[in-house]
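Peer 1:
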Amino acid sequence: MGRHLIMAGHLIDIDPELAYRHAQVAALRGGRVDVVREAAALTAYATGRYAEALREFRTVRRLGGSNEHLPAMADCERGLGRPERALALAQEPEANNLSREAAVEMQIVVAGARLDMGDAEAAHLVLTRIVPPNEELRARIDEARVEALRVLGRDEEADALEASIPEPVEEPVDEDVVLYDTAELPDPEAEFEDDDEAPGQDEPGSDQPAGDR
2 MGRHLIMAGH LIDIDPELAY RHAQVAALRG GRVDVVREAA ALTAYATGRY AEALREFRTV
62 RRLGGSNEHL PAMADCERGL GRPERALALA QEPEANNLSR EAAVEMQIVV AGARLDMGDA
122 EAAHLVLTRI VPPNEELRAR IDEARVEALR VLGRDEEADA LEASIPEPVE EPVDEDVVLY
182 DTAELPDPEA EFEDDDEAPG QDEPGSDQPA GDR
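Start counting the sequence shown at 2; every next residue gets the next number (the working numbering).
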């Protein structure tokens with residue numbers, strides 16, 4: 002289990018799909034452990050499996066009591082086409098206690114939700130009010146502003162801002178860390194069919210809209 006968690010963390014930015022498979026195998030062997038469920042949540046989120054990621058993030062929150070993944074949960078709601086729920090999560094009291102970086106992440110999600118709802122002016126206003134704590138988040142904010150400016154028809158401003166965003170620095174890949182080849186991994190979905198401890202089974206119905214429960 003531990004080696005699969007290492008691989009999930011190592012691969013999430015390089016090969017998210019393979020990282021997801023490692024996390025799923027780890028979850029088969031330790032589905033009640035919070036760090037395992039966190040890996041399952043993060044890798045599902047990285048691969049666009051938003052319903053699954055949201056379910057896992059909720060489980061992590063329940064098991065560990067942490068709200069650090071609240072911005073990712075809100076972004077999952079956006080990915081599921083529910084921007085109003087993303088805004089509701091951003092207004093929860095727990096959102097007031099996020100770290101500075103997480104609070105900025107949440108505001109980026111809020112701006113995206115506003116954009117999803119057709120209010121580009123509000124989205125751009127949210128983004129211009131954010132004070133970034135580091136250059137990485139500044140670039141993220143500027144990228145989101147470019148999108149909002151284009152929706153507003155302010156293409157010249159968008160072009161100028163986009164040109165000022167530095168290219169991301171790619172981290173070198175440590176090939177020595179690779180422990181498994183893809184072919185060596187079992188198919189987690191096939192194993193889940195006969196496994197009572199499959200991730201997410203302790204929250205039946207959590208993928209359903211709130212009004213359906």
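Backbone N, C-alpha and C define an ideal beta-carbon position, used for all residues, glycine too. Since the structure is predicted, the reported quantities are computational estimates derived from the model, not experimental observations.
Measure the alpha-carbon distance for G65 versus D35 and round it to whole angstroms.
Peer 2: Here residue 65 corresponds to residue number 64 of the sequence shown, with the count starting at 1. Here residue 35 corresponds to residue number 34 of the sequence shown, with the count starting at 1. The straight-line gap from Cα to Cα measures roughly 7 Å.
Peer 1: List the endpoints of the continuous alpha helix (DSSP H) containing S165.
Peer 2: Start at 1 with the first residue of the sequence shown, and residue 165 comes out as number 164. Looking at the DSSP string, the run of the alpha helix (DSSP H) that includes S165 is D156 to S165.
Peer 1: How about V152 and L116: are their beta carbons less than 8 Å apart?
Peer 2: The residue labelled residue 152 in the question sits at position 151 within the sequence shown. The residue labelled residue 116 in the question sits at position 115 within the sequence shown. Closer than 8 Å, so yes.
Peer 1: Measuring alpha carbon to alpha carbon, tell me which residue in C77, R38 and A45 is nearest T60.
Peer 2: Your numbering for residue 60 matches position 59 in the sequence shown. Nearest option by C-alpha distance: R38.
Peer 1: How far does the alpha helix (DSSP H) with T129 in it extend, from its first residue to its last?
Peer 2: The count along the sequence shown starts at 1 and reaches residue 129 at position 128. Per DSSP, T129 belongs to the alpha helix (DSSP H) from A121 to T129.
Peer 1: Would DSSP call E107 helix, strand or coil?
Peer 2: Within the sequence shown, residue 107 is the residue found at index 106, counting from 1. Strictly speaking, residue 107 in this sequence is Met, with Glu absent from that position. Three-state result, M107: helix.
Peer 1: Among the residues of its own chain, which have a CB less than 6 Å from the CB of R30, if the five just before and after it don't count?
Peer 2: Position 29 of the sequence shown holds residue 30. Same-chain partners within the cutoff: M2.
Peer 1: Please state the DSSP three-state secondary structure of R79.
Peer 2: Your numbering for residue 79 matches position 78 in the sequence shown. Three-state DSSP puts R79 in a helix.
Peer 1: Residue ranges of each beta strand (DSSP E) run of no fewer than 3 residues wholly in the region 21-63, ordered along the chain?
Peer 2: Listed in chain order, there is nothing to give.
Peer 1: Count the other CB atoms, across all protein chains shown, that sit within 10 Å of the CB of Q92; report buried if there are 16 or more and exposed otherwise.
Peer 2: As a first step, residue 92 must be located in the sequence shown, where it is residue number 91. It is exposed - the Cβ of Q92 has fewer than 16 other Cβ atoms within 10 Å.
Peer 1: Taking the straight line between their C-alpha atoms, what separation do you get for H23 and L6?
Peer 2: Taking the first residue of the sequence shown as position 1, residue 23 is located at position 22. Taking the first residue of the sequence shown as position 1, residue 6 is located at position 5. Those two C-alpha atoms are separated by around 7 Å.
Peer 1: Apart from the five residues just before and just after T44, which ones in its own chain have a Cβ nearer than 7 Å to its Cβ?
Peer 2: Numbered from 1 along the sequence shown, position 43 holds the residue referred to as residue 44. Contacts found: A9, I13, P17, A20, Y21 and A24.
Peer 1: Does DSSP classify V147 as helix, strand or coil?
Peer 2: The sequence position of residue 147 within the sequence shown is 146, counting from 1. Looking at V147 - three-state DSSP - the assignment turns out to be helix.
Peer 1: Who are the near neighbours of Q108 in its chain, counting only those whose CB is closer than 7 Å to its CB and skipping five residues on each side?
Peer 2: Here residue 108 is taken as the residue at index 107 of the sequence shown, counted from 1. Excluding residues within five positions, the ones whose Cβ falls inside 7 Å are V127 and I131.
Peer 1: Using a 10 Å radius around the Cβ and a threshold of 16 neighbouring Cβ atoms, would you call I15 buried or exposed?
Peer 2: As a first step, residue 15 must be located in the sequence shown, where it is residue number 14. It counts as exposed.
Peer 1: I'd like the list of long-range same chain contacts for H125, defined as Cβ closer than 8 Å, with 5 residues on each side in sequence excluded.
Peer 2: Reading the sequence shown from its first residue, position 124 is the one you call residue 125. Answer for H125: A112, R146, A149, L150 and L153, listed in chain order.
Peer 1: Taking the alpha helix (DSSP H) that G3 falls in, what are its first and last residues?
Peer 2: One-based indexing of the sequence shown puts residue 3 at position 2. Note, G3: alpha helix (DSSP H), G3 to L12.
Peer 1: If you compare alpha carbons, which of N98, I166 and E69 is closest to E137?
Peer 2: Locating residue 137 in the sequence shown gives position 136, where the first residue counts as 1. Measuring from the Cα of E137, the nearest candidate turns out to be I166.
Peer 1: Give a yes or no on whether the C-beta atoms belonging to D143 and V110 are separated by under 8 Å.
Peer 2: Counting from one through the sequence shown, the residue named residue 143 turns up at place 142. Counting from one through the sequence shown, the residue named residue 110 turns up at place 109. No, the pair does not count as a contact, with Cβ atoms beyond the cut-off.
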